[in-house]
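For the record, the sequence lines run as chains D and Y. So the first sequence is numbered by my numbering: it starts at 14 and just counts up by one. So the second sequence is numbered by my numbering: it starts at 14 and just counts up by one.
Number of protein chains: 2
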Amino acid sequence: MGHQPLSNSPGFDADFRQHFRDLLVWRRDVRRFRTDKLPDGLLERLLDLACLAPSVGLSQPWRFVRVDDPVRRESVRAEFEHCNAEALAAQSLERAGLYASLKLAGLREAPCHLAVFVDPDPAQGAGLGRRTMPETLAYSAVAAIQTLWLAARAEGIGLGWVSILRPAVMNGLLDVPADWRLVGYLCIGYPAEPDDVPELERAHWEHRRPLSEVLLER
Amino acid sequence: MGHQPLSNSPGFDADFRQHFRDLLVWRRDVRRFRTDKLPDGLLERLLDLACLAPSVGLSQPWRFVRVDDPVRRESVRAEFEHCNAEALAAQSLERAGLYASLKLAGLREAPCHLAVFVDPDPAQGAGLGRRTMPETLAYSAVAAIQTLWLAARAEGIGLGWVSILRPAVMNGLLDVPADWRLVGYLCIGYPAEPDDVPELERAHWEHRRPLSEVLLER
């Protein structure tokens, strides 16, 4: 095929790996944004990188919807408020006060809103690899989101994943095909401040556990 | 809280971003491995990085199972062969020959096998963020896998995601709790050779499409 990848295969040195580790450590699920707009074209450049994510059968089933219309944004905020009120009501008595104090979305401040859907039956990929695990299509979209998240952080840009929404409602609010399924609704913008500790940990909601608790040997 | 993150917040410069882009470009779904073992402790270091991935409500619902036992590995290979034969039979006449020629797993050569499951109802996180979208638990495990994948590539190590398996069968083969759900079975090791083009593209199974085909505005 005349394809000669070895000639220019990059190496990654210890310095890069240390910075990559920093990137992982300082990536946050951001809920507090500055309102400054992103530079023109930046979102598209980040999405080009996200599209380098793996996808089952090379199906690239991710579908991105940039939401700029103020009326649609307001309807998404209202949907979040509805679902969040129900989630608060479902919390235990001990947890409800703390839950109510959490800021769980930056929908009002974030300059950029991006909904990510998955196409549940794309022609691309010809079905390869997803016969026994069709959920790998949605998983491909998640891999793209995590890639976008890291690429954004490398530009000093934060991302917050909003999942307190009803997927079936979102298709109508955003006028996308009925068979697409929401994977995540992302708020994107400059974070109010960087941090290396998750906001839920700082708020004493939850803390991270060591690897040893989740690694088995067989 | 005495927490002062701003004082040592790292910046990421254009040089890092270029290398990060290279990392994304040269990450492959590897099916052709050398059989050299990984250095002791390397998998654990990579998994520590994977655990920096986002998780819904800070639930960290990923469960990692390192599979070393030759009998279990053989049973996983047999399960793959069974499912792959069914997938081949389901291919169109035009596609079947090409499908049969693809190498879709490196189960025999890869020195390290890692199954990733999701706990569908973890206590950690107290249910936050997953009431309307419980699939965000599995998505958290996927974010960890994509993080692991990139961290491995930065060490020159390849990863291949095997999805041609029946999740319900895998719990028994690997003796894990019945309610865990397989997210992916990963082959990990040194790639036979690096490449910047997906193997499915080189094999003319599928090719990647431009962002413009999957980006909508609303």
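Quick reminder that beta carbons are idealized off the backbone N, C-alpha and C, glycines included. Values in this document were obtained by computation on a predicted structure and should not be read as measured data.
Among the options, which has the Cα closest to the Cα of residue i?
{"i": "residue 213(D)", "options": "182(D), 129(D), 116(D), 204(D)", "result": "116(D)"}
{"i": "residue 87(Y)", "options": "120(Y), 202(Y), 111(Y)", "result": "120(Y)"}
{"i": "residue 203(Y)", "options": "42(Y), 21(Y), 39(Y), 51(Y)", "result": "51(Y)"}
{"i": "residue 94(D)", "options": "220(D), 188(D), 177(D)", "result": "177(D)"}
{"i": "residue 8(Y)", "options": "128(Y), 62(Y), 29(Y)", "result": "The question about residue 8(Y) has no answer here: the residues shown for chain Y are numbered 14 through 231."}
{"i": "residue 207(Y)", "options": "24(Y), 42(Y), 22(Y), 31(Y)", "result": "42(Y)"}
{"i": "residue 152(D)", "options": "139(Y), 174(Y), 132(Y)", "result": "174(Y)"}
{"i": "residue 223(D)", "options": "60(Y), 24(Y), 26(Y)", "result": "60(Y)"}
{"i": "residue 185(Y)", "options": "148(Y), 89(Y), 54(Y)", "result": "89(Y)"}
{"i": "residue 225(D)", "options": "28(Y), 22(Y), 56(Y), 30(Y)", "result": "56(Y)"}
{"i": "residue 23(D)", "options": "25(Y), 31(Y), 21(Y), 22(Y)", "result": "31(Y)"}
Who are the neighbours of residue i on chain D, taking C-beta pairs under 8 Å?
{"i": "residue 35(Y)", "result": "23, 25"}
{"i": "residue 176(Y)", "result": "69, 142, 143, 145, 146, 149"}
{"i": "residue 180(Y)", "result": "145, 146"}
{"i": "residue 60(Y)", "result": "224, 228"}
{"i": "residue 110(Y)", "result": "Within 8 Å Cβ-Cβ: nothing; residue 110(Y) doesn't reach chain D, min ~13 Å."}
{"i": "residue 96(Y)", "result": "144, 145"}
{"i": "residue 165(Y)", "result": "In chain order: nothing, as chain D lies at least about 11 Å away."}
Which stretch, first to last residue, makes up the alpha helix (DSSP H) that contains residue i?
{"i": "residue 6(D)", "result": "Nothing about residue 6(D) can be read from this structure; chain D reaches only from 14 to 231."}
{"i": "residue 107(D)", "result": "106-114"}
{"i": "residue 75(Y)", "result": "Looking at the DSSP string, residue 75(Y) is not in any alpha helix (DSSP H); the run it does join, the beta strand (DSSP E), is 75-79."}
{"i": "residue 119(D)", "result": "Unbroken run through residue 119(D): none, as it is neither H nor E."}
{"i": "residue 182(D)", "result": "180-187"}
{"i": "residue 68(D)", "result": "Neither: residue 68(D) is in no alpha helix (DSSP H) and is coded neither H nor E."}
{"i": "residue 213(D)", "result": "212-215"}
{"i": "residue 87(D)", "result": "83-103"}
{"i": "residue 32(D)", "result": "27-39"}
What does residue i reach in chain D if we use C-beta pairs closer than 7 Å?
{"i": "residue 122(Y)", "result": "Ordered by position in chain D, no residue passes the 7 Å Cβ test against residue 122(Y), which lies about 19 Å from the chain."}
{"i": "residue 211(Y)", "result": "71"}
{"i": "residue 46(Y)", "result": "Neighbours of residue 46(Y) on chain D: none; closest Cβ ~16 Å, over 7 Å."}
{"i": "residue 156(Y)", "result": "155, 159"}
{"i": "residue 214(Y)", "result": "71"}
{"i": "residue 90(Y)", "result": "Near residue 90(Y) there are no residues of chain D at all, since even the closest Cβ is about 15 Å away, more than 7 Å."}
{"i": "residue 57(Y)", "result": "224"}
{"i": "residue 38(Y)", "result": "65"}
Check for me: the beta strand (DSSP E) holding residue i runs from which residue to which?
{"i": "residue 195(D)", "result": "194-202"}
{"i": "residue 173(Y)", "result": "171-175"}
{"i": "residue 128(D)", "result": "125-131"}
{"i": "residue 228(D)", "result": "228-230"}
Determine, using beta carbons only, whether residue i and residue j come nearer to each other than 9 Å.
{"i": "residue 58(Y)", "j": "residue 230(D)", "result": "no"}
{"i": "residue 190(D)", "j": "residue 137(D)", "result": "no"}
{"i": "residue 179(Y)", "j": "residue 92(Y)", "result": "yes"}
{"i": "residue 111(Y)", "j": "residue 218(Y)", "result": "yes"}
{"i": "residue 36(Y)", "j": "residue 33(D)", "result": "yes"}
{"i": "residue 77(Y)", "j": "residue 227(D)", "result": "yes"}
{"i": "residue 158(Y)", "j": "residue 63(Y)", "result": "yes"}
{"i": "residue 220(D)", "j": "residue 150(Y)", "result": "no"}
{"i": "residue 134(D)", "j": "residue 188(D)", "result": "no"}
{"i": "residue 139(D)", "j": "residue 105(Y)", "result": "yes"}
{"i": "residue 148(D)", "j": "residue 99(Y)", "result": "no"}
Which residues in chain Y sit within 7 Å of residue i, going by Cβ to Cβ distance?
{"i": "residue 82(D)", "result": "231"}
{"i": "residue 100(D)", "result": "144"}
For residue i, go through chain D and note every residue whose CB falls closer than 9 Å to its CB, in chain order.
{"i": "residue 192(Y)", "result": "The contacting residues do not exist; residue 192(Y) stays about 15 Å from chain D at best."}
{"i": "residue 189(Y)", "result": "229, 231"}
{"i": "residue 199(Y)", "result": "What residue 199(Y) touches in chain D: nothing, since even the nearest Cβ is about 11 Å away."}
{"i": "residue 78(Y)", "result": "228, 229, 230, 231"}
{"i": "residue 203(Y)", "result": "Within chain D, no residue comes near residue 203(Y); the closest Cβ sits about 13 Å away, beyond 9 Å."}
Counting only Cβ pairs nearer than 9 Å, list the residues of chain Y close to residue i.
{"i": "residue 43(D)", "result": "What residue 43(D) touches in chain Y: nothing, since even the nearest Cβ is about 11 Å away."}
{"i": "residue 64(D)", "result": "221, 222, 223, 224, 227"}
Can you tell me whether residue i sits near the ligand HEM, meaning its C-beta is under 8 Å from at least one heavy atom of the ligand?
{"i": "residue 215(D)", "result": "Ligands displayed in this structure: none; no statement on the ligand HEM is therefore possible."}
Residue i versus chain A: which residues are under 9 Å apart at the beta carbon?
{"i": "residue 138(Y)", "result": "Within the model displayed, chain A is absent; protein chains D and Y are what it includes."}
Exercise. For the region 157-167 of chain Y against the region 187-207 of chain D, are there 3 or more C-beta pairs whose distance is under 8 Å?
Worked result: With the cut-off at 8 Å, the region 157-167 of chain Y and the region 187-207 of chain D do not touch.
Problem set entry | At least 3 beta-carbon pairs within less than 8 Å: the region 201-216 of chain Y vs the region 58-71 of chain D | At 8 Å Cβ cutoff, the stretches touch.
Exercise. Is it true that the region 139-150 of chain Y meets the region 83-96 of chain Y, where meeting means three or more beta-carbon pairs spaced less than 8 Å apart?
Worked result: With contact defined as three or more Cβ pairs closer than 8 Å, the region 139-150 of chain Y and the region 83-96 of chain Y are not in contact.
Problem set entry | Three or more C-beta pairs below 8 Å linking the region 167-175 of chain Y and the region 165-184 of chain D | Judged by Cβ distances under 8 Å, the region 167-175 of chain Y makes no contact with the region 165-184 of chain D, as fewer than three pairs qualify.
Exercise. Touch check for the region 41-58 of chain D and the region 122-139 of chain D: three-plus C-beta pairs under 8 Å?
Worked result: Because the criterion of three Cβ pairs below 8 Å is met, the region 41-58 of chain D and the region 122-139 of chain D touch.
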